[in-house]
Every structure is written in C-alpha cells, then in structure tokens.
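Data first, discussion second: the structure below is written as structure tokens.
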Amino acid sequence: MLGWEKEKNLKIKEEQPMLSSFLVILVHGISEGEDHKKTVAVKKKLKQLIEVASGFPTINMMVFFQQNIRFQDTSEGIYCEVKWPQVKTLPREPKNLKKDISGLLKEIFGITKVRVDFKA
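Counting in this note's numbering, the sequence shown tops out at residue 138, every number present.
Dropping the structure here:
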C-alpha cells in the first residue's frame, strides 16, 4: 500500500464514528412496516426519553424494530433492549427510564406486556 493510501485510510477511520459509541435500541415484537407513522413517532420519542434521562445525544442513537418468529402477534408482548455504548460514564444517571420506555410503548401500541432490559 502506498503512503498516501495509508494516510487516506487513517483519515477515513478517524472521521467515521466507532459503532461502539452508538446507543442501540432494539424493539422486538413490532415490525417496522406495520404502521410507519407509529414506528417513526416511537423512534423519535424513545431517543428523546433517553437523551433527557441520560444526556446521551440522539445523533448517536439507532432504533430498530424486529418482528420475531416467536412473536406471531402482539398479544405476547414487546421486548425492548437498550444496548448502551462502551463509554466510561454517562452525563447523567438515567432514573425511571425503564418505566418511561415501557409506558411509552404501552401507550402508543396499546399493548399491556412490555419488558425493557438495559445491556452494556
């Protein structure tokens, strides 16, 4: 590899944020295409909830919806998994965030069974 190619590759790596610096929210039991307006609203509100609770910037958050095979209908409930990035400390310690996320999903989707887990 030529010297300028190495320099170019290093510059590209520096400009791209590492995936480990992203907060990922996985919502199992709801398909993205079921109701586009609802899923877009949920994405926005989840990001806002987490930003307010922890101070983590919304620009570094990703929300994904996945209809699992075992969740044939929403009567089985929704499982929300929040994967925190590998950061040393958050600006603020999130308080009541699980309860707030659960309440949001229950309210928007009208589902009574919601489980929220945080993972590092």
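Using N, Cα and C, we set each Cβ at its ideal position, and we do this for glycine too.
Selected residue, minimal CA-CA separation from Ser120, among Ser49, Thr57, Val42 and Leu64: Leu64
Can you have a look at Ile77 and say buried or exposed, based on whether 16 or more other CB atoms are within 10 angstroms of its CB? exposed
Between which two residues does the alpha helix (DSSP H) harbouring Ile48 extend? Counting along the chain, Ile48 falls outside any alpha helix (DSSP H), and DSSP gives it neither H nor E.
Let me make sure I understand the geometry here. Which of Ile96, Pro103, Phe83 and Asp53 has the alpha-carbon closest to that of Lys137? Pro103
Quick one: what does DSSP say Lys129 is sitting in, helix, strand or coil? According to the sequence as given, residue 129 is Ile; it is not Lys. If DSSP states are grouped into helix, strand and coil, Ile129 belongs with coil.
Element boundaries [beta strand (DSSP E), containing Glu99]: Ile96 to Lys101
Just verifying my parser: in three-state terms, what is the DSSP assignment at Gln66? helix
Are Pro112 and Ala71 touching if we call contact CB-CB under 8 angstroms? yes
Residues near Lys101 by beta carbon distance below 6 angstroms, same chain, minus five either side: Val42 and Lys137
Could you compute how far the alpha carbon of Leu44 sits from the alpha carbon of Lys62? 14 angstroms
What is the DSSP secondary structure of Lys113, reduced to helix, strand or coil? coil
Boundaries (first-last residue) of the beta strand (DSSP E) holding Phe82: Met79 to Gln84
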